[in-house]
Amino acid sequence: MGILNKLDISVEQFESGNIIITSMDKLLNWSRLSSMWQMFFGLACCAIEMMATSASHYDLDRFGIIPRPSPRHVDIILISGTVTLKMATRIKRLYDEMPAPKYILSMGSCANCGGPYWEHGYHVLKGIDRVIPVDVYVPGCPPRPEALLEGLIKLQDKIRNQSLAKHTA
Amino acid sequence: MEITDIYNKLKKVFGDGIGELKTDVPVSPFFFADRSKINAVALFLRDEESLQFDNLSCLSGVDYDKDNLAVVYHLFSYALGHSLIVKCLIPKSDPKIQTVSDVWAAADWHEREAFDLVGMVFEGHPDLRRILLPDDWEGHPLRKDYKVPEFYNGMKVPY
Amino acid sequence: MSELRTEELTINMGPQHPSTHGVLRLVLTLNGEIVTDVKPVLGYLHRCFEKHCEAMTYPQVVPYTDRMDYLNSMNNELAYVLAAEKLLGIQVPERVEYIRVIMCELQRIASHLVAIGTYGNDAGAFTPFLYCFMDREKVLELFEMVCGARLLYNYIWVGGLSHDITPEFVTKTKEFIKYFRPRIKQINNLLSYNKIFIERTAGIGVLPQDVAVNAGVSGPTLRGSGVKFDLRKDDKYSIYDRFDFDVCVGWGERGVVGDCWNRYIVRAYEMEQSLRIIEQAIDNIPEGDVQSAVPKRVKPVVGESYVRTESPKGELAYYIISDGSLNPYRIKARSPSFCNLSVINQISRGHMIADVVMILGSFDIVLGCIDR
Amino acid sequence: MGNILTQWLGDNLLTYILIPVPVLVWVLVFALYAVLGERKVSAWMQNRIGPNRTDKFGLLQTILDVVKLIQKELIIPNRADRLYFRIAPYIVFTATFMGYAILPFSSVYIGVDLNLGLFYFFAITSLSVIGVLMAGWASNNKYSLFGGMRTVAQIVSYEIPTALSALVVVMLAGTLSMQKFAEIQSGGILNWYIFGGPGSVIKIVLIPIMVVSAVILFISTLAETNRTPFDLTEADSELVAGVHIEYSGMMFAMFFLAEYAQMFAVSGVVTTLFLGGWQSPFGDLVPFLNTPVFQVFWFLAKSLFLVFVMMWLRWTLPRVRIDQLMTMCWKFLIPITLVNLFLVGLYIILT
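Protein chains in written order, with this note's numbering: chain W, 1 to 169; chain E, 170 to 328; chain C, 329 to 700; chain F, 701 to 1051.
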């Protein structure tokens, strides 16, 4: 249990990929990208589109993405909507509660950069990346479900290319 | 009941506590009430048989002009179907006004919001805290002279 | 047993909780499973709507009103636009009025579908949620056809509309009406008259009429308490006086008047009434240009206007103060959810945690509307 | 009867090591595919497609889920009770799996044919409640504590109608051995206990009693496995995730898989008691269908049907409230089962 905890420590030891590591990589990455459990968590307008995406018409379950309410069970968190300063610290906390490996998808212009509230929004955080690291940005206000799906597929691509071996430039 | 009748009724009871009725503005006429008598006025408006303003539709805090804040009460009567606009001017130097939250429960959160965003103090309010902004926020953003802070809790606020 | 030491438990429900409908936080004080106190903490989605409005011109405010109550954009736009038009003294063409009404009623159906679906989800039934979203998707397709957006439309402009409707929209809407009537029955069968669902909601969180009126509660929540008041009928804004529809009130078919079930069922029956309005309006749209009354330069006189409309959540009003410049001096949005939520402490004391979830769901709150 | 492996290999240690292997394999395969099945069933009920990106029809979905969960970081909250927090999932998992020992998969295959089989099952599966309470308490989270307390109240209460409605069959059969229950119900669908069991025409009077007992047993097992409409332990709209709230990675997966394993175990018991166990519904008409291999098929088919009904209910019904759950147990189910018990006793005396 918790293999990754141990692997993380030893990641430095894999100087280059060999056949064992690459096949291991493939399996681990495949499992991660095809069972991205999502946090049952919505912020604002984009949350409605997120719900619409996971509902019957678009069906996120096809990709193995199911919503889980507890941050301990999830792999990705969709920051779906405007992050206010009051909420930002809570999101940071939620992020810290998630077990690694964890991924963040910033959905919509508000989460990306403040969106329409960038100028006079005294209480709006201008981009969630000021608080937590973001893997994929999905633009739009709100993004269409297709755009969100595209973002999730991009995230899958990103996971697919992770490796236990040291990254050589 | 027409607004002039309501106004005359109030004027008769409260005298100087009620300012003149402004009917020359576009859209709806209104009058000013004295901020230190607003609670009594509200109670009268609610309980008087021929008025019965049982519903506070909206309470807005406004940064009215250079020296004054204002609270605007939009009243409505479900029983009789008439509505009324009352305003209270509050000098910025001493931003205090009586609460009406004991008259209309709806005023409770509206007053907290007005306190939060515009910064008038409602005397006698049971729980006057910030409602929308965090408790440690400084300033009242809907004042015209409000300056957005550079940082809040280590997070940069302007873009 | 009296020596046993007991203490009250304080639980934080939210801001991240599956059934707070967004980023609301409820601080519950519990005595075992019984709730003794509920303190809502708001503001996690305070997006400075009113400050923004002061920096925008009048037409530019419309997109921000969209984002206020994001399940209900069309009605938000209508409320703001009516207030602005009142201030500007614009009379819009008949065609615009008809299309606005159709759009708002479609939006009302979509909004109520989300309310019903998420309420089922709160009760633990996930399937009705998806059924409702499936039907909502059909409404969104109609909106997409006329303005290209799914959620936030910027469709109703000051003095007109952004796009005219097409004949295809009319036929599709008629098809939708035909399709949706039986679906309401289906939803009622699946959820509204389900024994467990009734057990969970009937008699829970009874909101008496006088408390509701005094606390400024409005919309289906107020009608659930038996007050027959609908601004569409009583204020007759826009052209609602031309249509024949009923105001649904909770009548205590199950449970008692004013409980969660009655609040809920009002929404289920209001969708039927919205269909009736659309049916009457869709055949009588007059010809005309939808943008003929859009002003080139919006500069109202000094003054103020306050217009109340019936949004799916309740009484949505905009209070606009103009100082004669291009930008509004102050815009205050009287949001229905904000007032509705304020009674939660009063009516949920003495119930269980599970009931608080149901009571909260029965208000159909939207946090964007509460926090603005 | 006993076990075919004992006959083949003799009564030695190797046999005892080998006997559980098929069951364990079945449990793992079932638990993995039941999760997928649940997702597919829910998808079909909701006009969706369900997982379909991993292999054909998403067949590898749960396996990949588990591989992913193995990789996840294991978080033990700072103030949690580390020992109890760690052992709780194992207790739940083990207690559930131990129940499989007495499930008669076929006339020649059962883990161990105890003469106290049914009693053992109820005793051992209710041990999982200790694990759940441990998890709830040790997480040091108020939601999980609520979940744990609710589970204890719920499972302990529902033990009574479960046992009482099973007792009806025990009285008629006069045994507690699971294998015997199945054997007695030979001779086709009409001899199953849900239709009054074997006997002369007069058993018709038993049919309503037995149907009610079977339904009550099924309802109670739903409550014992914490399935909707009784899933108050997890109740994601109230308690977020209940007792699982602080568990991450593989520890959560163990709870998750244990739940599905338990679904099959209780379905197996209901099948054995009321639906004829491994007996073919055609009885001796088609003797070919009553061979040991087909017996496994019948047992699995009946149990899996009950599992499907559980899923069906889950995706249809809302959740009840904790006090309604208790009311239903103490005010309705227990009195009805007691009356049933009395009537069956009367029947036994009179015939």
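By construction, the Cβ of each residue, glycine as well, lies at the ideal position given by its N, Cα and C atoms.
Just so we're clear, the structure is a prediction, and the values are computed from it rather than from any experiment.
- Looking only at W:V74, W:E146 and W:I153, the smallest Cα-Cα distance to K102 of chain W is reached by W:V74.
- Residue range F377 to A383 is occupied by the alpha helix (DSSP H) that includes F377 of chain C, with no beta strand (DSSP E) assigned at that position.
- Counting other Cβ atoms within 10 Å of its Cβ, W589 of chain C reaches 16 or more and is therefore classed as buried.
- Between the C-alpha atoms of C376 of chain C and K26 of chain W there is a straight-line separation of about 47 Å.
- The C-beta distance from G108 of chain W to G114 of chain W rounds to 11 Å, too long to fall under 8 Å, and the pair is not in contact.
- For S806 of chain F, the closest C-alpha among the options F:Q771, F:L769, F:V723 and F:F846 is that of F:V723.
- In the DSSP assignment, N340 of chain C falls within the unbroken beta strand (DSSP E) covering L337 to M341.
- Contact between V369 of chain C and M87 of chain W is ruled out by a C-beta separation of about 11 Å, above the 8 Å threshold.
- Neighbours of L302 of chain E in chain W, taken as residues whose beta carbon is under 8 Å from its own, are K86 and H123 in chain order.
- For P368 of chain C, no alpha helix (DSSP H) encloses it; the enclosing beta strand (DSSP E) starts and ends at I362 to V369.
- If one requires a minimum length of 4 residues, the alpha helix (DSSP H) runs lying completely within the segment 979-1027 of chain F are 992-1014 and 1022-1027, in chain order.
- The C-alpha of C45 of chain W lies about 51 Å from the C-alpha of F997 of chain F.
- Annotation: V626 of chain C to K513 of chain C spans about 46 Å, alpha carbon to alpha carbon.
- Within the segment 218-299 of chain E, the complete alpha helix (DSSP H) segments at least 4 residues long are 276-286, listed from N- to C-terminus.
- The alpha helix (DSSP H) runs of length 4 or more contained entirely in the segment 420-492 of chain C are, from start to end of the chain, 422-451 and 455-475.
- Beta-bridge pairing by DSSP links V905 of chain F to no other residue.
- In terms of Cβ geometry, L644 of chain C and N482 of chain C do not form a close pair [threshold 8 Å].
- Not flagged as an interface residue toward chain E: G64 of chain W, since no C-beta distance is shorter than 8 Å.
- DSSP, read as helix, strand or coil, puts S967 of chain F in helix.
- Secondary structure of R511 of chain C (DSSP, three-state): helix.
- For the pair P346 of chain C and P99 of chain W, the CB atoms are not nearer than the 8 Å cut-off.
- The C-beta separation of V832 of chain F from V943 of chain F comes to about 5 Å, placing the pair in contact by the 8 Å criterion.
- Contact between F497 of chain C and M473 of chain C holds, since their C-beta atoms are separated by about 5 Å, short of 8 Å.
- No Cβ of chain C is located within less than 8 Å of the beta carbon of L297 of chain E.
- Proximity of V856 of chain F to chain C, defined by a Cβ-Cβ separation below 8 Å, is not satisfied.
- Around the Cβ of M686 of chain C, a 10 Å sphere holds 16 or more other Cβ atoms; the residue is buried.
- Excluding residues up to 5 positions away in sequence, M950 lie with their Cβ nearer than 6 Å to the Cβ of I770 of chain F in the same chain.
- As DSSP reads the structure, L190 of chain E sits in a beta bridge with E:F200.
- Rounded to whole angstroms, the separation of the alpha carbons of D223 of chain E and I254 of chain E is 14 Å.
- Going by DSSP, F895 of chain F is part of no beta strand (DSSP E) at all; its letter is neither H nor E.
- Each residue's CA atom was taken as its position, placing T549 of chain C and I493 of chain C some 33 Å apart.
- Per the C-alpha coordinates, the member of F:A734, F:N778 and F:E938 positioned closest to R1021 of chain F is F:E938.
- The shortest CA-to-CA distance from A661 of chain C to any of E:I259, E:V317, E:V231 and E:A211 is the one to E:V231.
- Within 9 Å of the CB of N322 of chain E, the CB atoms of chain W belong to L85, A88 and T89, in sequence order along the chain.
- Counting along the chain, the unbroken alpha helix (DSSP H) around V727 of chain F starts and ends at P720 to M745.
- In the three-state scheme derived from DSSP, where H, G and I count as helix and E and B as strand, P71 of chain W is classed as helix.
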